[in-house]
Amino acid sequence: MKLLRCPINGLRPLSEFLFGGEVRDMPDTAAITDEAWADYVFNRQGEPGVRKEWWYHTASGTWFIAERDNLKDEFVRTYLHSRDASPTETKAT
Amino acid sequence: MFKPQFSPLHDAIQHEHPYAKWCDVQDMPVFLHLINPAKELELAKILALADASFLPRIVLKGPGAAAYLQSLGIPIPEGLLKVAPLKNGGLIARTGGSEFFLESGPVGWPSQAAADGLRSPSYKEGVYPVLRQDASLVISGSRAGEMFRHISSYDFIGEQHGDLVFTPIAGVTCSVLRTTLKGRPVFRLWTDGTYGTYIWHTLLEVAKELDGGAVGTAVFFPELASKDNQP
Amino acid sequence: MTERLPPQPGEWIDRSRPLEFQFEGHSYSGFAGDSVTSALAANGLRHLGRSFKYHRARGIYSLANHDVNVLVEDDRHTNIRGDVTPLWAGAKLRAVNTFGGLAGDRLKIVDWFSKFLPVGFYYKAFHSPRSLFPFYERRMRNIAGLGAVNANWEREHFPAAYDFCDVLVIGAGSAGLSAAIAAAGLGLKVVVVDEQPRPGGSFNYQWNGDAAAAKLWAVLAATAASLDVRCSTVAAGYYADHWVALVDEERLTKMRARAVVLATGAVEQPAVFGNNDLPGVMLATAAQRLIHQFAVKPFRRGVVLTANDYGYRAALDLQQAGVKVAAVIDLRATTTDGSVAANVKQAGISIHIGHAVTFATPSRGMQGIQSVQVSPLDSHGQPKPSANIDIPCDGLAMSVGFAPADGLFYQAGGRMAWSEDLQQFIPKSAPAGLFAAGRLNGVYGFEQEAADGSRAGLAAAAFLGKSIEQIPADPERPKQSPTHPYPIFPHPKTKCFVDLDEDVHYKDFVNAAQEGFDQVELMKRYSTFGMGTSQGKLANINAIRILAHVKGQTVPQTGVTTARPFYHPVSLGHLAGRGFHPHRRTPIEGQHEALGAVFMYAGDWKRPSYYARPSVSPQEAIAAEVTAVRTAAGMIDVGTLGKLEISGPDAGEFIERIYTGRFAKMKPGTARYGLMCDESGVIIDDGLVARLADDRFYVTTTTSAAGAVYREMQRWAQIWGLQVVLASATGARGGVNVAGPKAREILQGLCDFDLSTAVFPYMAVREGTIAGAPARFLRVGFVGEWGCEIHMQACQAVHVWSSLKMTGQPHGIRPFGVEAQRVLRLEKAHIIVSQDTDGLTNPYEANMAWAVKDDKPFFIGQRSLRIIRPRPLKRILAGFTLPGETPAAKVPKECHLIIENKEIVGRVTSITRSPTLNQVIGLAFVSPDRAQPGTPFQIRLDDGSLVTATIVATPFYDPQGERQEK
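Residue numbers (the working numbering), protein chains in the order written: chain V, 561 to 653; chain S, 2 to 232; chain U, 233 to 1198.
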């Protein structure tokens, strides 16, 4: 069972987490075309590389971001999403 | 006015121990003893579970929570998941950047001011109280760690720190704390009250396999025994 | 007749504890410490099972669970693997997979028909005529498979457990124990596991008489006595981040290690020749295990086939055990005349260098062998049949090579490379924290394996941060490979078995390759080699060699198949563990039980479906509950609802963005219906949004979406960076909904505030007390009567419920359950999200355009709904009725389809009999152009018949909503 480091709760087995999808910014709904909006709603980036993903530690209710190399299936870093402070980066495993 | 209120584990305990002694603690029936008190003390050395749901609890959240607590004379733990004791046997845990979990001791909050302030905190100061109705247990004994090995993937034997641990136990979200009660090393466990009966039964099933069992609350909170009266 | 030998040094049996048992109806005895197989062999039994497909007689092959020839069952359990199951007193065993017992298995006739059952026949035969397929299927099901499942089995408990260590060492042979000692010596927490009942690995059977090995073993065993060594424990599977499934008799342990040393050894491999599967033909190590571990003479008169020194040692062991060793047949063209060969010669055993066994002559009934045919090999390694010699014997021990036990290594993500020198795969790369040692690593020799183990243990310690001065150099691998490159001699007229589990033989590979299944993974699936219970432990490498040979390529070019958990079979009971089924109960559940509630499960929750009454059918009970609500009053436990607190200066703004309606300007003390969509505009939840104060909202969600809604709100709050504080009160508050014409009167007697319409109108929210308990009160209308939902502290819920019941008794209040509530809300055509909506329903299809306020700056789903709204609807939710006299069998069910011109044009989402209206009412998705009240349509029932329903305007009951809004 893979291990993932929650920035708050530490290293835990993957079963303690929920995958929350790709991290991406919502485009400006006023400016965007219908086609581009549909692309945002229905399509995701999955090409090989280090992807930014939302993960949720269910027991503590903590949302955080994990960067994962989806080719090697290895977590690279995890940190909290934070608007003001700099992210608390921790080695992912 | 008498407002009967019940621990989430009340039905389960009453069902298994129809003749157990209880007393009224802050309008809630609390089972002081479930079996012979001498036997309970023996069990407590091996593996014992007791219901501690009766202790008043609250969570305060919001940008003003830390300052408000300090104004009530309540110490704030510095780091996330850190726990500090309160006078009169309670505790405070920092469960978020501006979120605090407080549990009162068996005889009350640290001071009258704290008790008043926690009962109705001022909303204007950016302080939001969250109602808590946890099912809570005290677990003691040399085989307590072994019990956790049956139901949790967290290494409660290897990890010896005194921080709050949020993790699933038997498939249900719980928070667990390694601490001491009157010098005796114990685990405290809290879970959503609606899962209380399930957690109680599941832990008890494992405990019995390890020669443990359920004990009354007086084993860990002897100060309650002096209020020995039936309703 | 016993084949038991005098006491052997280090034997595993305890002669002071005899055990009586039965096999195939006959009584025998063995000793504690015997395995089932060894006890059978000790009693002189050789024919121990029947093969899977051809029902050929089989006997001991590996005695190490690398084959499953000995598979037995009793009245309780089936598929008991004899090699690794300790014998127990009173066992009553029989072989699996026989028709009429082991000896007289009627299906042995299948062997004679084998030419009609070539490889892949499953895919070709029995196709026509199609009408006969059910007949073939029934026959096949009776013949196929192994043991029979006992359906009356009592549930056994295998509680799983977690464990943790620094270094997990898998294998307690010389390499494993040396690794463990090295790591433990540096202060690390080490756990060693071994699938055998005793540690020692090959020392237990392969090094008899080797003084150096014995001396080294004594030291290892003594040092290892202080380590945590767990025998009879199988490392069954390797999962991410060094998480290993350890299986023993009692439980499955989920071990998390920080580093792992794999010292799993190598599996001795068989030779392939005519009738190489008959009882009496076995691996040399099987014969040696029989002798040294169980003190059993394997056979009377034997031949040893070898390609290495180990075979010579085996010959001496056999002779010492009283077996007449007729000859040693050495496949190699030349050998270095080592001391072991010299000892064999001195012992008077004739040696034939450069010869092979090509055929085993069956004894009577094909239940054993009576001789072996030996051919000299030419310069190309091919047999010369003209010079065949026949050697009478009743047993053949084969020592022609080894293949690493690398299943776990592959599962962990390790990669192997073919060593042409060694003629086996050896580790090429391993993931961080994994270290291979011993024969798995291509190191052979007792001392050399121990040295390699130490190296691996130190490497593991260094990986974990221990400072090591000098990690020993890479291992010394043997100059002469103990493994023959091609011990395969196809016989023109007889089956030469490659996979014993699946009865796959040499010709099958040739045929499969000819048919185009010539890539190793395809060959595996088509021929089924490697797919049986032993997962190809004795078959895979020979299969790859044969395929390489047929295609004229090398072994590395041919490749290997993928190794997956589990390495050995694991029972479902072990995997089930305790079987946690978390359940939630509302604080009032005890009251429902006392009232005779019949419960249903809604996710983790138990909810009263209805309250049973004596001599009243469920339908009648539910109808009575419905009528009580419509005519007097009802009370229902709604404690399962999601309850969320949204507070802070930006709380209103936050809710505006989450829900489709307008909330930011709501007055405190009011509530509004909240509809939630996802980014694609699909309805995902609904509930009530109540404003308690400028900066405090109290929101309800549906029971099943409570967790997900809270979670998504937490995320949005972070992304938007609004000043909002979220908290969940779902479990902390109980809930009771009181509804009906008498409800207000009942409540007024208990509450401390004025409930009259002027001050407590429809959709108002108040904080007050009921029977002295503080609570929140919401005026709602889900069931279509005057209703109030009370949310109190969980610990006081029972008090509130009891007070309501007592006060309401004289007014005729009745508890009602989920079923009655569903009828009541359907009478009002109030939708239930995820029942009347599906994964694609937008608000317009559900008649909810009124809940979507598009003139606010933003809400989730707004942009998508702007695209959807101008488009014509594809379907729309409409109410319909059927006459009240419709018999039960003709009343449609939820999800029954609407058919028009043989096309599906819609489906029923909700349907029920309404006691209030004396009709069958329901909601359905229909075509928008056929949705006018009065339009008939057809619904298709389970039996294919069609019934006619009529669209009507909704709500069905109290269309103006006067009763709920007064």
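Here a beta-carbon is modelled for each residue, glycine too, at the ideal position from N, C-alpha and C.
As the structure is a prediction and not an experimental result, all values here were calculated from the model.
Next on the checklist: Between S642 of chain V and chain S, is the shortest Cβ-Cβ distance under 7 Å, so that the two count as touching?
Outcome noted: Reading the first sequence from its first residue, position 82 is the one you call residue 642 of chain V. It does not; no Cβ of chain S falls within 7 Å.
Next on the checklist: In this structure, how does DSSP classify M763 of chain U when only helix, strand and coil are distinguished?
Outcome noted: Along the third sequence, one-based indexing puts residue 763 of chain U at 531. The answer is coil: DSSP assigns M763 of chain U none of H, G, I, E or B.
Item to check | V187 of chain S versus S:Y129, S:I77, S:Q134, S:I47, residue with shortest Cα-Cα distance | outcome: Along the second sequence, read from residue 1 onward, the residue named residue 187 of chain S stands at position 186. It is S:I47.
Item to check | Three-state class that DSSP yields for T528 of chain V in the structure shown | outcome: The first residue shown for chain V is 561 and the last is 653, placing residue 528 of chain V beyond what the model contains.
Checklist entry - Do you know how far the Cα of L563 of chain V is from the Cα of V424 of chain U? => result Numbered from 1 along the third sequence, position 192 holds the residue referred to as residue 424 of chain U. Numbered from 1 along the first sequence, position 3 holds the residue referred to as residue 563 of chain V. Their Cα atoms are separated by approximately 23 Å.
Checklist entry - Which of the three DSSP states, helix, strand or coil, is assigned to L1200 of chain U? => result Here chain U has residues from 233 to 1198 only, and residue 1200 of chain U is not among them.
Item to check | chain V contacts from the stretch 458-484 of chain U (Cβ-Cβ distance under 8 Å) | outcome: Residues Y471, A472, D473, W475.
Checklist entry - Is the shortest distance between the beta-carbon of Q520 of chain U and the beta-carbons of chain V less than 7 Å? => result The residue labelled residue 520 of chain U in the question sits at position 288 within the third sequence. Taking 7 Å as the threshold, the shortest C-beta distance from Q520 of chain U to chain V does not fall below it.
Item to check | DSSP beta-bridge partners of L958 of chain U | outcome: Here the question's residue 958 of chain U lines up with position 726 in the third sequence. Under DSSP, L958 of chain U forms a beta bridge with U:I878.
Checklist entry - Among all the DSSP beta bridges, which residues are the ones paired with C909 of chain U? => result Counted from its first residue, the third sequence places residue 909 of chain U at position 677. Looking at the DSSP output, C909 of chain U bridges to U:I915.
Checklist entry - Where does D684 of chain U sit, in a helix, a strand or coil, going by DSSP? => result Translated into positions along the third sequence, residue 684 of chain U becomes position 452. In the three-state reduction of the DSSP assignment, D684 of chain U falls in the helix class.
Checklist entry - Is the Cβ-Cβ distance between E104 of chain S and L70 of chain S less than 7 Å? => result As a working note, residue 104 of chain S is residue 103 in the second sequence. As a working note, residue 70 of chain S is residue 69 in the second sequence. In this structure, L70 of chain S does not lie closer than 7 Å to E104 of chain S by Cβ.
Checklist entry - Comparing the C-beta of Y69 of chain S with each C-beta of chain U, is any distance below 7 Å? => result Taking the first residue of the second sequence as position 1, residue 69 of chain S is located at position 68. Interface flag for Y69 of chain S against chain U is unset, since no Cβ pair is found closer than 7 Å.
Checklist entry - For I386 of chain U, which residues of its own chain have a beta-carbon under 7 Å away from its beta-carbon, when the five flanking residues on both sides are left out? => result Residue numbering aside, residue 386 of chain U sits at position 154 when the third sequence is read from its first letter. Reading the sequence as shown, one finds Glu at residue 386 of chain U and not Ile. Cβ within range, chain order: n/a, list empty.
Item to check | Member of U:G1176, U:R236, U:D246, U:D426 whose CA lies at the smallest distance from the CA of H800 of chain U | outcome: Translated into positions along the third sequence, residue 800 of chain U becomes position 568. Here the closest residue by C-alpha is U:D426.
Checklist entry - Out of curiosity, what's the CA-to-CA distance linking L548 of chain U and N374 of chain U? => result Taking the first residue of the third sequence as 1, we reach residue 548 of chain U at position 316. Taking the first residue of the third sequence as 1, we reach residue 374 of chain U at position 142. L548 of chain U and N374 of chain U: Cα-Cα distance of roughly 46 Å.
Next on the checklist: Short of 6 Å in beta carbon distance, which residues of its chain neighbour T618 of chain V, apart from the five on each side in sequence? Order them along the chain.
Outcome noted: For this step, residue 618 of chain V is matched to residue 58 along the first sequence. The beta carbon of T618 of chain V sits closer than 6 Å to the beta carbons of L578 from its chain, once the five residues preceding and following it are set aside; these are given in chain order.
Checklist entry - Closer than 7 Å, CB to CB, is A416 of chain U near chain S or not? => result Within the third sequence, the letter at position 184 stands for residue 416 of chain U. A416 of chain U does not count as touching chain S.
Next on the checklist: Going by beta-carbon coordinates alone, are L1155 of chain U and D1068 of chain U separated by less than 7 Å?
Outcome noted: Within the third sequence, numbered from 1, the residue matching residue 1155 of chain U stands at position 923. Within the third sequence, numbered from 1, the residue matching residue 1068 of chain U stands at position 836. Contact flag set, yes.
Checklist entry - Residues in its own chain within less than 7 Å of D585 of chain V by CB, not counting five upstream and five downstream? => result Position 25 of the first sequence holds residue 585 of chain V. Contacts found: none.
Checklist entry - So with Cβ pairs under 7 Å, would you call A171 of chain S a contact of chain U? => result Residue numbering aside, residue 171 of chain S sits at position 170 when the second sequence is read from its first letter. At a cut-off of 7 Å, the C-beta of A171 of chain S has a neighbouring C-beta in chain U.
Next on the checklist: At a CB distance below 8 Å, what residues from the stretch 147-165 of chain S approach chain V? Give them in sequence order.
Outcome noted: Going along the stretch 147-165 of chain S in chain order, one finds S154, Y155 with a Cβ nearer than 8 Å to chain V.
Item to check | chain U contacts from the stretch 106-137 of chain S (Cβ-Cβ distance under 8 Å) | outcome: Under the 8 Å Cβ criterion, the stretch 106-137 of chain S contributes Y124, G127, Y129, V131, L132, R133, Q134.
Checklist entry - Is the stretch 613-626 of chain U close to the stretch 495-504 of chain U, with three or more CB pairs under 8 Å? => result Under the three-pair Cβ rule at 8 Å, the stretch 613-626 of chain U does not count as touching the stretch 495-504 of chain U.
Checklist entry - Considering only C-alpha positions, which residue in the set U:S686, U:A829, U:L876 is nearest to I854 of chain U? => result As a position in the third sequence, residue 854 of chain U is number 622, starting the count at 1. For I854 of chain U, the closest of U:S686, U:A829, U:L876 by C-alpha to C-alpha distance is U:A829.
Checklist entry - Which residues in the same chain as L873 of chain U place their Cβ atom closer than 8 Å to its Cβ, once the five residues preceding and following it in sequence are excluded? => result Walking along the third sequence from the start, residue 873 of chain U turns up at place 641. Excluding positions up to five away in sequence, the list reads G919, T932, T933, T934, T935, A938, T962, G967.
Checklist entry - Alpha carbon to alpha carbon, how far is A416 of chain U from Y891 of chain U? => result Translated into the one-based positions of the third sequence, residue 416 of chain U becomes position 184. Translated into the one-based positions of the third sequence, residue 891 of chain U becomes position 659. When rounded, the distance between both Cα atoms is 60 Å.
Item to check | Closer than 7 Å to chain S by CB, I568 of chain V | outcome: Against the first sequence, residue 568 of chain V aligns to sequence position 8. Judged by the 7 Å Cβ criterion, I568 of chain V is in contact with chain S.
Checklist entry - Going by Cα to Cα distance, which pick from S:W23, S:G90, S:G63 is closest to F32 of chain S? => result Counting from 1 along the second sequence, the entry for residue 32 of chain S is found at position 31. The shortest Cα separation from F32 of chain S among S:W23, S:G90, S:G63 belongs to S:W23.
Next on the checklist: Please list, in chain order, the residues of the stretch 616-630 of chain V that have any C-beta partner in chain S closer than 7 Å.
Outcome noted: Residues passing the 7 Å Cβ filter: T618, A619, S620.
Item to check | At least three beta-carbon pairs within less than 8 Å, the stretch 1009-1025 of chain U to the stretch 969-976 of chain U | outcome: Because the criterion of three Cβ pairs below 8 Å is met, the stretch 1009-1025 of chain U and the stretch 969-976 of chain U touch.
Checklist entry - Around the C-beta of T794 of chain U, are 16 or more other C-beta atoms found within 10 angstroms, so that it is buried, or is it exposed? => result Indexing the third sequence from 1 puts residue 794 of chain U at position 562. Exposed is the call here.
Next on the checklist: Taking DSSP's pairing of strands, which residues face P238 of chain U in a bridge?
Outcome noted: Taking the first residue of the third sequence as 1, we reach residue 238 of chain U at position 6. Answer is none; P238 of chain U lacks a bridge partner.
Checklist entry - Using the rule of at least 16 other Cβ atoms within 10 Å of the residue's Cβ for burial, across every protein chain shown, is E1194 of chain U buried or exposed? => result Along the third sequence, one-based indexing puts residue 1194 of chain U at 962. Exposed, since its Cβ has fewer than 16 Cβ neighbours within 10 Å.
Item to check | Endpoints, alpha helix (DSSP H) assigned at V268 of chain U | outcome: The count along the third sequence starts at 1 and reaches residue 268 of chain U at position 36. 268-274 is the extent of the alpha helix (DSSP H) around V268 of chain U.
Next on the checklist: Quick check: what's the CA-CA separation for D594 of chain V versus V914 of chain U?
Outcome noted: What you label residue 594 of chain V is simply residue 34 of the first sequence in a count that begins at 1. What you label residue 914 of chain U is simply residue 682 of the third sequence in a count that begins at 1. Here the C-alpha atom of D594 of chain V lies approximately 17 Å from the C-alpha atom of V914 of chain U.
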